[in-house]
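*Asks:* The numbering used here numbers the first residue of the sequence shown as 63 and each following residue consecutively.
Think of the CB as a built atom: it goes at the ideal place given N, C-alpha and C, for glycine as much as any other residue.
Have a look at the structure that comes next, please.
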Amino acid sequence: MGNRRTLVGNVVSNKMDKTVVVMVTRRHQHPHYKKYIEESKKFKAHDETNACNVGDRVKIIETRPLSREKRWRVAEVLAKKAEGG
């Protein structure tokens with residue numbers, strides 16, 4: 063498989079067929095001011111079985127280009143969002 067990157071994030075949209083939008087948030091320290099900064103980035107990932115819903119925590123893995131913007135696929139669903147109640 064080589065050195066494929068994996069990221070963990072939350073599903074923010076599943077309106078497309080077999081595609082989910084995953085927001086990955088990372089925290090790092092500012093080089094000069096030493097404060098912690100939280101940065102987010104959205105990735106489009108392939109979800110073959112349409113199993114992911116908004117709010118799910120998923121692991122995505124880098125893959126070959128599947129479309130114009132999709133370069134990731136869902137490797138596994140780590141946690142399902144708890145249904146309201």
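#1: Measure the beta-carbon distance from Gly71 to Val120 and round it to whole angstroms, keeping in mind my assumption that it falls under 8 Å.
#2: Let me know the secondary structure DSSP gives Ala108 once reduced to three states.
#3: Output the boundary residues of the beta strand (DSSP E) element that contains Asn72.
#4: With three or more beta-carbon pairs closer than 8 Å as the criterion, would you say the region 93 to 101 touches the region 111 to 125?
#5: Leaving out the 5 sequence neighbours to the left and right, which residues in its chain are closer than 6 Å to Ala107 when beta-carbon positions are compared?
#6: Would you tell me roughly how many angstroms separate the C-alpha atoms of Glu110 and Gly64, rounded to the nearest one?
#7: Thinking Val116 and Val86 are a contact (beta carbons under 8 Å), I'd like their distance in whole angstroms, please.
*Replies:* This is what the structure holds:
#1: Rounded to whole angstroms, the Cβ separation of Gly71 and Val120 is 7 Å, and the two are in contact under 8 Å.
#2: It should be pointed out that residue 108 corresponds to His in this sequence rather than to Ala. In the structure shown, His108 sits in a strand (DSSP, three-state: E or B).
#3: Thr68 to Ser75
#4: no
#5: Val82, Val84, Ile122, Trp134, Arg135 and Val136
#6: Whole-angstrom Cα-Cα distance: 22 Å.
#7: Their Cβ separation, rounded to whole angstroms, is 15 Å, which puts Val116 and Val86 out of contact at 8 Å.
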